[in-house]
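Heads up: the sequence lines are chains A and B, in that order.
Add 6 to a position in the first sequence, counting from 1, and you land on the number used in our numbering.
Add 1021 to a position in the second sequence, counting from 1, and you land on the number used in our numbering.
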Amino acid sequence: MSRTAIVTLALLCLLLAGTAIASVGLGAVTISPSRILMVLRAALTRDPALDAAHDALILLDIRIPRTLLGFLVGAALAMSGALLQGLFRNPLADPGLIGVSAGAALAAAAAIVLGDRWIPGLLDGPWAVVVLPLAAFGGGLAATSILYGLATRDGRTSVALLLLAGVALGALTGAATGLLVYLSDDRQLRDLTFWSLGSLGGATWGKVAAAAVLILPVLVIVPFLARSLNALALGEADAYYLGVPVQRTKRIMIGLVALAVGSSVALAGPIAFIGIVVPHLLRLTAGADHRIVLPASALLGGSLLVGADILARTLAAPAEVPIGILTAAIGAPFFLWLLLTRAQDIGA
Amino acid sequence: MISRSVHRALILLFGLLPITFASAATPADVNRVVVLGGSITEIIYALHREERIAALDTTSLFPPSALKDKPNVGYVRSISAEGVLSLRPDLILSIDGAGPPDALMLIRQTGVAFVTIPDDPTPDGIHRKIDAIGKALGDESGAAALDRDVAAGFASLAVLRTRIEKPRRVLFVLSLQNGRSMVGGRHTSADGMIRLAGSVNAADDIDGYKPITDEAIVAAAPDVILTMQNDRHALSADTVFAMPAYAATPAAKTRSLVSLDGLLLLGFGPRTPEAATTLIRALYPDLAPAP
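Below is the structure:
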């Protein structure tokens, strides 16, 4: 690994640590740094007095899970973005493109609007916390499988076909979601609207555990695909002659992205722009080597989302700004700037 | 560090253990109430217990001073758990339908007293709201007095209603954007209000607030168009009846358009008898005076 790479990764680790400390330290409730340390020490020794302490509950049951979920979701989105951009050899590829987000959104909308109608109380009872994530995850996986099936002929997956079918499926799921919006009453409509903006507000240890099981393995496995991605950058035929089992690699990559993005949409709603902005920032500063871009994307994506979340929950405290508004407000102008400055790279 | 919480969260996640939430304070000494839902705020002010409100949500538009005097925790359906807890509430009064569920679950987990108030756009629903709030605040006698006032209001409303000879068909228009009408069908608070005003909802073959076609407006044949008025803006009869769909309705012939304060009209709180009375007076200007 080059020196720039090591410096970049080291700096990103520092950034991660910094946002983690800020995220645990800042919030609507003021908790002094010494008190935080005290609570953490008491939590380690399982001090029973802790269960009654107000600020300890906020710290241990709200803020820390929220920070961890933010890191995992941000890392999953950014790394998936980097992986897809490498796989499609298209700098504009985004996890939203392969239908994961659209499928997840449709299934979540169905759960919100139809779930309550078919099974009364579905979204109010103890299962409420599990129903929406499960539906979103299932929807994301289903959409990805359908697309993959459409784009695969005789065992070969056409990336161009995958992208175009993704556009078609996006339109179709969009229409179906629109139909559900039409069918929904005004309460469901508001649920849909807020869900579609994404939020880390519902972070619990249960969700962190789910994210750890579903997302962490992806974050660990994906960097091992860096060499194959670097080879794919030369073209599929060249990659094949370099010894990359192209078809199998593509299948594995799409599966991993579906898993990571489907899980993150299920746990935090669709949060846009992290997946497209972060890998670009890194390629601009640290070069195009996927051995650096992939792990660095996870580090920066996690830090960025946690940073945006700190803003989301402190700007208007005690109220909360939906995080999707913040990531879009930061991401969309950056994306435009990227389009204008790098127009020739993307063939425009 | 986290194992205890993880364990608890996993139990919660898989629903293996019913969890009871300890009530932290008795009703009489709750002094920091966080209110999620405008009609709850309205009732607490009607009970003169507003000094106990520590914070409220952005739908708490009546009385208008409420949002100016109290910190707000944002929109009732996008509440932040830590934001609410930062106000150190000893009671949270939440309208049925507040959310998101995850945030409410986190708040309840901390053991703060949490009461969900049912929300139903009927006179009975208003009584249930008042009773639940009175009980939670330890002010049953105040709530009973308010109940009596509201019941008296509904009683005189019922008398007024009997004097309506020919119920008029009323179409509630929620919005007119780009010439597209959104109207209030069955199971809406607008429908409840039209019924309270002794009238017929012209859009009662529609469920909820829905966009409606121009032809359906003509077919609905409303005698009166009912719209909401807010601080800055009310639809004028000129605008509405200039649209071809509305020009072809019976309402256009008499240029009957009623515009009332949105919150008063749809809020379903203690002011509802007053709102329905106002609406009857507006819909039936020739109603015979009381004998």
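For every residue, glycine included, the Cβ atom is placed at its ideal position computed from N, Cα and C.
Since we're looking at a predicted model, the values are computed, not measured.
Under 7 Å from any heavy atom of the ligand GTP, does the C-beta of residue i make it?
i	result
B:A1218	Ligands displayed in this structure: none; no statement on the ligand GTP is therefore possible.
Identify the residues that DSSP records as bridge partners of residue i: which are they?
i	result
B:P1232	B:M1203
B:S1280	B:T1248
A:R162	A:R159
B:A1076	B:V1055
A:N96	Paired residues: none, contrary to the question.
A:N236	Answer by DSSP bridge pairing: none, since A:N236 is not bridged.
B:I1221	Sequence inspection shows Val at residue 1221 of chain B; the Ile mentioned does not correspond to that position. Note: B:V1221 sits in a beta bridge opposite B:R1190.
B:A1255	B:Q1250
Could you pull the start and end residues of the alpha helix (DSSP H) that residue i belongs to?
i	result
A:F200	192–203
A:T320	296–320
A:V263	252–274
A:V283	280–292
B:S1210	1210–1217
B:G1288	Premise fails: B:G1288 is in no alpha helix (DSSP H) and is neither H nor E.
A:S107	106–119
A:I329	329–347
B:I1227	Element bounds for B:I1227: n/a, residue is neither H nor E.
B:M1126	1122–1130
B:Y1267	1265–1268
B:G1104	1102–1106
B:D1090	1086–1090
B:P1142	Careful: B:P1142 lies outside any alpha helix (DSSP H) and carries neither H nor E.
B:P1271	1271–1275
A:D244	242–247
Could you give the first and the last residue of the continuous beta strand (DSSP E) run that contains residue i?
i	result
A:I125	Premise fails: A:I125 is in no beta strand (DSSP E) and is neither H nor E.
B:R1190	1190–1198
A:V219	Careful: A:V219 lies outside any beta strand (DSSP E), inside the alpha helix (DSSP H) at 211–220.
B:I1113	1112–1116
B:I1138	1135–1138
Complete alpha helix (DSSP H) runs within the region 9–67 of chain A (minimum length 4 residues, chain order): 9–31, 39–50, 60–63
Inter-stretch contact (C-beta, 8 Å, three-pair minimum) for the region 274–287 of chain A and the region 197–215 of chain A: Output reads yes: the region 197–215 of chain A touches the region 274–287 of chain A.
Residues from the region 1084–1095 of chain B in contact with chain A, defined by Cβ distance under 8 Å: P1092, N1093, V1094, G1095
Under 7 Å (Cβ pairs) to chain B, residues found in the region 23–45 of chain A: Across the region 23–45 of chain A, CB contacts with chain B closer than 7 Å involve G33, A34, V35, in sequence order along the chain.
Members of the region 175–194 of chain A near chain B, C-beta cut-off 7 Å: D191, D192, R193
Given 8 Å, three or more beta-carbon pairs between the region 1060–1075 of chain B and the region 1279–1291 of chain B: yes
At least three beta-carbon pairs within less than 8 Å, the region 11–26 of chain A to the region 291–309 of chain A: Flag = yes, the region 11–26 of chain A and the region 291–309 of chain A touch.
Contact set between the region 1130–1159 of chain B and chain A, restricted to residues whose Cβ is under 7 Å from the partner: Taking 7 Å as the Cβ-Cβ cut-off against chain A, the residues of the region 1130–1159 of chain B that qualify are Q1130, T1131.
Chain-ordered residues of the region 1099–1125 of chain B with a beta carbon less than 8 Å from chain A: S1099, I1100, S1101, A1102, E1103, G1104, V1105, L1106, S1107, L1108, R1109, G1118, G1120, P1121, P1122, D1123, A1124
3 or more residues per run - each beta strand (DSSP E) lying fully within the region 1153–1193 of chain B: none
Contact residues within the region 1205–1237 of chain B, judged by C-beta distance below 9 Å to chain A: Residues of the region 1205–1237 of chain B that bring their beta carbon within less than 9 Å of a beta carbon in chain A comprise H1208, T1209, D1228, G1229, Y1230, K1231, P1232, in sequence order.
Contact between the region 249–269 of chain A and the region 143–155 of chain A (3+ Cβ pairs under 8 Å): yes
Chain-ordered residues of the region 203–221 of chain A with a beta carbon less than 9 Å from chain B: L203, S205, G207, G208, A209, T210, W211, G212, K213, V214, A215, A216
Residues within the region 302–331 of chain A neighbouring chain B, beta-carbon criterion of under 8 Å: Within the region 302–331 of chain A, the residues whose Cβ lies closer than 8 Å to some Cβ of chain B are R319, A322, A323, P324, A325, E326, P328, listed in chain order.
Validate contact between the region 1102–1118 of chain B and the region 1127–1145 of chain B using beta carbons, cut 8 Å, 3 pairs: Proximity of the region 1102–1118 of chain B to the region 1127–1145 of chain B meets the contact definition, three or more beta-carbon pairs being nearer than 8 Å.
Residues in the region 1065–1078 of chain B having any Cβ partner in chain A nearer than 7 Å: Going along the region 1065–1078 of chain B in chain order, one finds A1076 with a Cβ nearer than 7 Å to chain A.
Contact list for the region 268–281 of chain A against chain B, Cβ threshold 8 Å: none
Interfacial residues, the region 1184–1207 of chain B to chain A, with Cβ spacing under 9 Å: Of all residues in the region 1184–1207 of chain B, none has a Cβ within less than 9 Å of some Cβ in chain A.
Three CB pairs or more closer than 8 Å across the region 50–65 of chain A and the region 189–202 of chain A: No: fewer than three Cβ pairs fall under 8 Å.
The region 98–112 of chain A in contact with the region 295–305 of chain A per 3-pair CB rule at 8 Å: no
The region 248–265 of chain A in contact with the region 87–99 of chain A per 3-pair CB rule at 8 Å: Touching, per the Cβ criterion.
Validate contact between the region 279–289 of chain A and the region 78–85 of chain A using beta carbons, cut 8 Å, 3 pairs: yes
Stretch-stretch touch, CB-based, cutoff 8 Å, three pairs: the region 1268–1281 of chain B with the region 1294–1302 of chain B: yes
Contacting positions in the region 56–67 of chain A - beta carbon closer than 9 Å to chain B: Here the close residues are L56, D57, A58, H60, L63, I64, L66, D67.
The region 1211–1228 of chain B / the region 1188–1203 of chain B touching (three or more Cβ pairs under 8 Å): Touching, per the Cβ criterion.
Contact between the region 321–338 of chain A and the region 1100–1109 of chain B (3+ Cβ pairs under 8 Å): yes
Interface positions of the region 1241–1265 of chain B facing chain A (Cβ-Cβ less than 8 Å), listed along the chain: none
Touch test, the region 1075–1082 of chain B against the region 1158–1170 of chain B, Cβ-Cβ under 8 Å, three pairs minimum: no
Any 3 or more C-beta pairs closer than 8 Å across the region 1166–1186 of chain B and the region 1202–1212 of chain B: no
contact_flag[the region 1140–1159 of chain B, the region 1088–1101 of chain B] where n(CB pairs < 8 Å) is 3 or more: no
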